[in-house]
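Enquirer: Before I ask anything, here is the structure I am working with.
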Amino acid sequence: MSGDNAINLETGDFLAVHGLSKTFRGKAGDVVAVDGVDFSARKGEVVVIVGPSGSGKTTLLYLVGSLENPDAGEIEVLGEDICASGADLIAYRRERVGFVFQFFNLVTALTALENVTLPMDLSAVPPEEQRRRAVDLLERMGIDRRLQRTRANKMSGGEKQRVAIARALANDPDIILADEPTGNLDTATGMTVVDILVKLAREDGKCVLIVTHDESILEVADQAFHMVDGKLNGR
Amino acid sequence: MRSAKRGFRSFRRHPSSNLVVVLLLFVCLTFSLSMLAVKLAADSQTETVKERVGNYGEIRSSSGFMMSTFEQEREKSEAERTREARGMSEEEELEERAKTLVPEELADAFSRDPYIITYDKVLTSGVTMPGMENVELSSMLNLSREIREGAAASGITESTFVFEGNTNGASASEFLNGNKKLISGSYYTYADYREGNTVVLIEKNLAEENELVVGDTVTATISGEKGKDAELELEIVGVYETVEAERQSQGGSFATFNPAGNKFFAPLSVVQVLNNTPGYVELGSYYFDNVDHTGDLQQAFIDRTGGSDQYEFVTDFTEYEIISDPLQKVGKTSVIGLAGALGACALIILLAMAIIVGGRTRELGVLKAIGATDRQVIMQYAVEVICICLVSIILATGATALISQKIGDWLLSGSEITQVQEEEEDSGAAAMMSRLTERNLYKEGGLFASPVGEAEDAELDVVYQGDMLLYGILILLGISLLGMAIPVAWITRLRPARVLSME
Chain X
186 MSGDNAINLE
196 TGDFLAVHGL
206 SKTFRGKAGD
216 VVAVDGVDFS
226 ARKGEVVVIV
236 GPSGSGKTTL
246 LYLVGSLENP
256 DAGEIEVLGE
266 DICASGADLI
276 AYRRERVGFV
286 FQFFNLVTAL
296 TALENVTLPM
306 DLSAVPPEEQ
316 RRRAVDLLER
326 MGIDRRLQRT
336 RANKMSGGEK
346 QRVAIARALA
356 NDPDIILADE
366 PTGNLDTATG
376 MTVVDILVKL
386 AREDGKCVLI
396 VTHDESILEV
406 ADQAFHMVDG
416 KLNGR
Chain V
348 MRSAKRGFRS
358 FRRHPSSNLV
368 VVLLLFVCLT
378 FSLSMLAVKL
388 AADSQTETVK
398 ERVGNYGEIR
408 SSSGFMMSTF
418 EQEREKSEAE
428 RTREARGMSE
438 EEELEERAKT
448 LVPEELADAF
458 SRDPYIITYD
468 KVLTSGVTMP
478 GMENVELSSM
488 LNLSREIREG
498 AAASGITEST
508 FVFEGNTNGA
518 SASEFLNGNK
528 KLISGSYYTY
538 ADYREGNTVV
548 LIEKNLAEEN
558 ELVVGDTVTA
568 TISGEKGKDA
578 ELELEIVGVY
588 ETVEAERQSQ
598 GGSFATFNPA
608 GNKFFAPLSV
618 VQVLNNTPGY
628 VELGSYYFDN
638 VDHTGDLQQA
648 FIDRTGGSDQ
658 YEFVTDFTEY
668 EIISDPLQKV
678 GKTSVIGLAG
688 ALGACALIIL
698 LAMAIIVGGR
708 TRELGVLKAI
718 GATDRQVIMQ
728 YAVEVICICL
738 VSIILATGAT
748 ALISQKIGDW
758 LLSGSEITQV
768 QEEEEDSGAA
778 AMMSRLTERN
788 LYKEGGLFAS
798 PVGEAEDAEL
808 DVVYQGDMLL
818 YGILILLGIS
828 LLGMAIPVAW
838 ITRLRPARVL
848 SME
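Residue numbers (the working numbering), protein chains in the order written: chain X, 186 to 420; chain V, 348 to 850.
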């Protein structure tokens, strides 16, 4: 790592992205989704990236979450390049990262409680521990016992998003990646969700990366970026 | 284990879609298992048939040879016959008498073939019994002068009785097939045959008419001999009765006319003496291991007789075909049905899994996004597929128990229709002539008796066999693996980033 974006563990840099690029190749031509993006974030920080639809912010989020492979660049978490060959991306997704999506992406056939225990189940957490942690997280998100036993498809948007955040926290990850977390919610509910995410950063020391087109979220950002045509500009 | 639990939970959480798949699979699997049950039953019963039919053969003078001998004799005048007889040595006379018989040596030699399990030797002869009257024959001879003269020329009189000899009374075909039943005394034995003991079994009515009981003796005349030396005292060792005698005498043609009461059974060696043909038998009767060796035995017979057309080796292969053909046809049809039904099962599970997995693409994406390995997701879907298939096959197994017999009967009735049609097509004049000149096999009751009862009908008894369980498990594994093909292909190719962005 070199230059301005080199990770600085002394100052508490936790996540560093350097020269990250991604181009989608299609019949209609190549689309540069992310074009040489650099940024870094510390634990306890809320990083907000705003931009219009198609600007590449979701792709950037997926690259950081290892759901997409970059064409070029590095993503370092605590100095470890997750793009390097031999990196255990599944373990990274399972233990270091929690996703919050615009469309919630809960498993609709499962209850709120089961959705939250799912990542723990994949990580072979003992069933009693899964349940204890899931109940604890859901209660923190304001999901009461009755709702915990309700199937995801029977919940409101705000409830679903809170369950989704609880699921993202299930394996106690360091990084929360939120893709348009308020995009499918009314303003009041959206603000509640943003508050929860901010609390996670401030109180739990999570590194929260939010991509959104909702500029009002910028108010809570420790770092804010504007993304246009795959390029990231500081604000 | 956790993936298995998730798969089972997923199976329970999607009852409506899974129920549709289970129902469709249930229908096809029921048909598949029924066809399988029918196929296994047909195969098993064909093997059972092989144990009792198609494994019998006998060596005897060929029909063609007998016919030509008869023609030659018919063309000779009485004077020619007398002249020939006068000029013959004793050996030539014996050869002449035994012209249409089989050398005992040949019958014995053939019995040493490795496929032969049991064998017997049989000789029937018309024997004159001085002082006794064959009531039925007597009334037949009195029908017309022509018949009486024809019979006299052949040496047949009102005192002529049929003697059937074999090596052991109890194994005479008519006792074995239940046509006749010993009611008092005992059978003559193999030792009686070996030692030439002059013992005999007599029919109940004949014994009563002549006030004869076990222990009494009767006198028989040796064929072609005259004087006191020509008479043989025979001790009655047993009395038998003829079962369904009426049907027997009505059912046969003139050629097989067998008045119930006028037949004696005696050791072969005694009948050979009475027939004056020592060393000759009418037929060698053999049971071999199974019908599959018919061809080998035919070849062995040809090798032993040098291809001579004087003798023939006839078997009950036709009878075997009558019973086994419908079973084999059912077996073949059921294989086609099984293949079709399994094909339908494969199609259903493939389509169903394509629809199920397609409808849960987002769920798959979520699972992969939150760190599930392909193996974990595949295992979860594998358990779900296995649950679907397992429930279907359990239900299908139950339904198969209810309907497989009906399907088997239906298939068998279809095969029998073809058989009846074939029989109808064979009802021309040529076929009728062929049937008239046909000789019965000894196991059916001998040349002088009509076959007991009708030819056996093919029946299919569809029962659950141990193999069904094995095949059921194989089918379960097969369709489950096939059903897994779609999720495996889908899961390994799925890119969660694409799926999770979808609205």
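Even glycine gets a Cβ: it sits at the ideal position worked out from N, Cα and C.
Does the pairing of the stretch 302-315 of chain X with the stretch 730-742 of chain V give three or more beta-carbon distances under 8 Å?
Expert: No, the stretch 302-315 of chain X is not in contact with the stretch 730-742 of chain V.
Enquirer: If you reduce the DSSP assignment to three classes, tell me which class Glu-253 of chain X lands in.
Expert: The sequence position of residue 253 of chain X within the first sequence is 68, counting from 1. Glu-253 of chain X: coil per DSSP, three-state reduction.
Enquirer: State yes or no: is the C-beta of Glu-658 of chain V within less than 9 Å of the C-beta of Ser-409 of chain V?
Expert: Taking the second sequence and counting its residues from 1, one reaches residue 658 of chain V at position 311. Taking the second sequence and counting its residues from 1, one reaches residue 409 of chain V at position 62. Here residue 658 of chain V turns out to be Tyr, not Glu, going by the sequence shown. The answer is yes: Cβ separation under 9 Å.
Enquirer: Mind listing which residues of the stretch 717-733 of chain V have their C-beta closer than 8 Å to chain X's C-betas, in chain order?
Expert: Residues Ile-717, Gly-718, Ala-719, Thr-720 and Gln-723.
Enquirer: Would you check if the stretch 392-403 of chain X and the stretch 357-371 of chain X touch, i.e. whether three or more CB-CB distances between them fall below 8 Å?
Expert: Enough Cβ pairs lie closer than 8 Å, so yes.
Enquirer: Sort V:Lys-753, V:Val-810, V:Asp-639 and V:Ile-826 by Cα distance to Tyr-403 of chain V and report the nearest one.
Expert: The residue labelled residue 403 of chain V in the question sits at position 56 within the second sequence. Of the candidates V:Lys-753, V:Val-810, V:Asp-639 and V:Ile-826, the one whose C-alpha sits nearest the C-alpha of Tyr-403 of chain V is V:Asp-639.
Enquirer: Counting only Cβ-Cβ distances shorter than 9 Å, please list the residues of the stretch 276-290 of chain X near chain V, keeping chain order.
Expert: From the stretch 276-290 of chain X, only Ala-276, Tyr-277, Arg-278, Arg-279, Glu-280, Val-282, Gly-283, Phe-284, Phe-286, Gln-287, Phe-288 and Asn-290 have a Cβ closer than 9 Å to chain V.
Enquirer: Do you know how far the Cα of Gly-819 of chain V is from the Cα of Val-628 of chain V?
Expert: Position 281 of the second sequence holds residue 628 of chain V. Position 472 of the second sequence holds residue 819 of chain V. Near 55 Å, if we compare the C-alpha coordinates of Gly-819 of chain V and Val-628 of chain V.
Enquirer: What do you reckon, are the CB atoms on Ser-472 of chain V and Gly-543 of chain V nearer than 9 Å?
Expert: In the second sequence, counting from the first residue as 1, residue 472 of chain V sits at position 125. In the second sequence, counting from the first residue as 1, residue 543 of chain V sits at position 196. Result no, Cβ atoms of Ser-472 of chain V and Gly-543 of chain V do not sit closer than 9 Å.
Enquirer: Please look up how many angstroms separate the CB atoms of Asp-364 of chain X and Leu-205 of chain X, rounded, as I've assumed it's under 8 Å.
Expert: Residue mapping note: residue 364 of chain X aligns to position 179 of the first sequence, counting from 1. Residue mapping note: residue 205 of chain X aligns to position 20 of the first sequence, counting from 1. Wrong, their Cβ atoms sit about 16 Å apart, outside the cutoff.
Enquirer: According to a CB-to-CB cut-off of less than 7 Å, which residues of the stretch 837-850 of chain V neighbour chain X?
Expert: So the close ones are Pro-843, Ala-844, Leu-847, Ser-848 and Glu-850.
Enquirer: Using a Cβ-Cβ distance cut-off of 9 Å, determine whether Val-738 of chain V contacts chain X.
Expert: Locating residue 738 of chain V in the second sequence gives position 391, counting from the first residue. No - not a single Cβ of chain X is within 9 Å of the one on Val-738 of chain V.
Enquirer: Could one say the Cβ of Arg-399 of chain V lies closer than 9 Å to chain X's Cβ atoms, at least one of them?
Expert: Within the second sequence, the letter at position 52 stands for residue 399 of chain V. It does not; no Cβ of chain X falls within 9 Å.
Enquirer: Skipping 5 residues on each side, what residues in its chain have a beta carbon closer than 8 Å to that of Ser-609 of chain V?
Expert: Along the second sequence, one-based indexing puts residue 609 of chain V at 262. One detail in the question is off: residue 609 of chain V reads as Asn in this sequence, not Ser. Taken in chain order, the residues that qualify are Asn-481, Val-482, Glu-483, Leu-484, Phe-508, Val-509, Glu-550 and Leu-553.
Enquirer: Just to confirm the assignment, what range does the alpha helix (DSSP H) spanning Pro-312 of chain X have?
Expert: Position 127 of the first sequence, counting from 1, holds the residue named residue 312 of chain X. From DSSP, the alpha helix (DSSP H) with Pro-312 of chain X extends over 312-325.
Enquirer: Closer than 7 Å by C-beta to Ala-388 of chain V: which residues in its own chain qualify, once you throw out the five before and the five after it? Chain order, please.
Expert: Within the second sequence, numbered from 1, the residue matching residue 388 of chain V stands at position 41. Within the same chain, Ala-388 of chain V has close Cβ partners Gly-755, Leu-807, Asp-808, Val-809 and Val-810.
Enquirer: Return no unless some Cβ of chain X is closer than 9 Å to the Cβ of Leu-714 of chain V.
Expert: What you label residue 714 of chain V is simply residue 367 of the second sequence in a count that begins at 1. Chain X contact via Cβ: present.
Enquirer: Under three-state DSSP, which class holds Asp-563 of chain V?
Expert: By 1-based counting over the second sequence, the position of residue 563 of chain V is 216. It is coil, neither helix nor strand.
Enquirer: Between Ile-696 of chain V and Leu-829 of chain V, is the Cβ-Cβ spacing less than 9 Å?
Expert: Reading the second sequence from its first residue, position 349 is the one you call residue 696 of chain V. Reading the second sequence from its first residue, position 482 is the one you call residue 829 of chain V. For Ile-696 of chain V and Leu-829 of chain V, yes; Cβs fall inside 9 Å.
Enquirer: Using a threshold of 9 Å, state whether the C-beta atoms of Phe-288 of chain X and Leu-847 of chain V are closer than that.
Expert: Indexing the first sequence from 1 puts residue 288 of chain X at position 103. Indexing the second sequence from 1 puts residue 847 of chain V at position 500. Yes, they are a contact pair.
Enquirer: Run through the DSSP bridge pairs and tell me what Arg-407 of chain V is partnered with.
Expert: The count along the second sequence starts at 1 and reaches residue 407 of chain V at position 60. Partner(s): V:Leu-630 and V:Glu-659.
Enquirer: How many Å lie between Ala-538 of chain V and Thr-514 of chain V at the Cα?
Expert: On the second sequence, residue 538 of chain V is found 191 positions in, with the first residue counted as 1. On the second sequence, residue 514 of chain V is found 167 positions in, with the first residue counted as 1. Distance between the alpha carbons of Ala-538 of chain V and Thr-514 of chain V is about 9 Å.
Enquirer: So, at 6 Å on beta carbons, what are the nonlocal neighbours of Phe-286 of chain X in its own chain, with the 5 sequence-adjacent residues on each side left out?
Expert: For the purposes of this step, residue 286 of chain X is taken as the residue at position 101 of the first sequence. Here the set comprises Asp-364.
Enquirer: Mapping DSSP to helix, strand and coil, what is Tyr-587 of chain V?
Expert: Locating residue 587 of chain V in the second sequence gives position 240, where the first residue counts as 1. The answer is strand: DSSP assigns Tyr-587 of chain V an E or B state.
Enquirer: Who are the neighbours of Leu-323 of chain X on chain V, taking C-beta pairs under 7 Å?
Expert: Counted from its first residue, the first sequence places residue 323 of chain X at position 138. Correct list: empty, because the minimum Cβ distance to chain V is about 16 Å.
Enquirer: So, helix, strand or coil for Phe-373 of chain V, using DSSP?
Expert: Translated into positions along the second sequence, residue 373 of chain V becomes position 26. DSSP places Phe-373 of chain V in helix when its eight states are reduced to three.
Enquirer: Does the Cβ-Cβ distance between Ala-351 of chain X and Val-383 of chain X come in under 9 Å?
Expert: Residue mapping note: residue 351 of chain X aligns to position 166 of the first sequence, counting from 1. Residue mapping note: residue 383 of chain X aligns to position 198 of the first sequence, counting from 1. No. Outside cutoff.
Enquirer: Pick out whichever of V:Ile-463, V:Ile-838 and V:Arg-845 has its Cα sitting closest to the Cα of Val-704 of chain V.
Expert: Translated into positions along the second sequence, residue 704 of chain V becomes position 357. Of V:Ile-463, V:Ile-838 and V:Arg-845, the residue nearest in Cα terms is V:Ile-838.
Enquirer: For Thr-564 of chain V, which residues from the same chain have a beta carbon less than 8 Å from its beta carbon, with the 5 sequence-adjacent residues on both sides left out?
Expert: If you number the second sequence from 1, residue 564 of chain V lands on position 217. Excluding residues within five positions, the ones whose Cβ falls inside 8 Å are Glu-580, Leu-581, Glu-582 and Ile-583.
Enquirer: Here's the rule: buried if 16 or more other CB atoms are within 10 angstroms of the residue's CB, otherwise exposed. What is Pro-896 of chain V?
Expert: Only positions 348 to 850 of chain V appear in this structure, which leaves residue 896 of chain V out of reach.
Enquirer: Classify Asp-215 of chain X: buried if its beta carbon has 16 or more other beta carbons within 10 angstroms, exposed otherwise.
Expert: Counting from 1 along the first sequence, the entry for residue 215 of chain X is found at position 30. Asp-215 of chain X is exposed by the Cβ-count criterion.
Enquirer: By how many angstroms is the C-alpha of Ser-827 of chain V removed from the C-alpha of Val-835 of chain V?
Expert: As a working note, residue 835 of chain V is residue 488 in the second sequence. As a working note, residue 827 of chain V is residue 480 in the second sequence. Val-835 of chain V and Ser-827 of chain V: Cα-Cα distance of roughly 12 Å.
Enquirer: Just checking: is the beta-carbon of Leu-295 of chain X within a distance shorter than 9 Å of some beta-carbon in chain V?
Expert: Along the first sequence, read from residue 1 onward, the residue named residue 295 of chain X stands at position 110. Yes, contact with chain V.
Enquirer: Determine the chain X residues that contact Ser-363 of chain V at a beta-carbon separation under 8 Å, and present them in chain order.
Expert: Against the second sequence, residue 363 of chain V aligns to sequence position 16. In chain order: nothing, as chain X lies at least about 11 Å away.
Enquirer: Along the stretch 242-274 of chain X, what residues have a CB closer than 7 Å to any CB found in chain V?
Expert: If the cut-off is 7 Å between Cβ atoms, the stretch 242-274 of chain X has Thr-243, Tyr-247, Leu-252 and Glu-253 near chain V.
Enquirer: Under a three-way DSSP split, which group does Leu-417 of chain X fall into?
Expert: On the first sequence, position 232 is the one that residue 417 of chain X refers to. Leu-417 of chain X falls in the strand class under three-state DSSP.
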